[in-house]
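Numbering (the numbering used here), first residue to last: 20 to 225.
Positions of the beta carbon are idealized from the N, C-alpha and C atoms, including for glycine.
In this text, all values refer to a predicted model and were calculated from it rather than measured experimentally.
Structure first, commentary second.
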């Protein structure tokens, strides 16, 4: 049986491989759920053995790395990613932690997670001036030029008393039905089909 240090090293190597396949090559080898379990095991081991945590561990990165050929801009505030939960017990534990922190029962709103690309939109006096990907959480890619092509994204906000600066964070995504139609076009051109909606969305806005 490998030692804890060896297992952590193996997990880091495996996660880095899948990060490269997913984010750089857009050709994932495993499902998102399988990837999440690898990251969960790595994070658990590092939490139990904090002296083994290194600055280059995948757990120390917030999101995708910025793309070299796009301009990188620092976020006004870090863009954090959400944590995963794999069981009802973990969910109950999270709920109890929140209720303890806020001093009593809380009201919850639950919605489906859309698997797309997180973006930050900056409006000045109601006008869209910049759109960034999450990148590594501290620095993101400037994709304003492509975000402007999204029909339901307002380039100018409506209202009389708009804040001087407004930052809106959301998700750029593609539907499964759109992916099916896109792959039908790819097949007709004898081209490779796209693997998933998330990768198509990420590539499109870049």
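Within 10 angstroms of the beta-carbon of residue 109 lie fewer than 16 other beta-carbons, which makes it exposed. Counting along the chain, the unbroken beta strand (DSSP E) around residue 188 starts and ends at 184-191. The beta-carbon distance between residue 161 and residue 92, rounded to whole angstroms, is 5 Å. This is short enough to meet the 8 Å contact definition.
The residue from 166, 157, 144 with its alpha-carbon nearest to that of residue 150 is 166.
Looking from the CA of residue 175, the closest CA among 198, 140, 196, 34 belongs to 140. Taking 3 residues as the shortest admissible run, the region 61-147 contains the following complete beta strand (DSSP E) segments, listed from N- to C-terminal end: 91-93, 136-143.
Proximity to residue 220 across 178, 101, 169 peaks at 169, based on C-alpha coordinates. With at least 16 other beta carbons inside 10 angstroms of its own, residue 193 counts as buried. Within the model, the alpha-carbon separation for residue 57 versus residue 89 is close to 30 Å.
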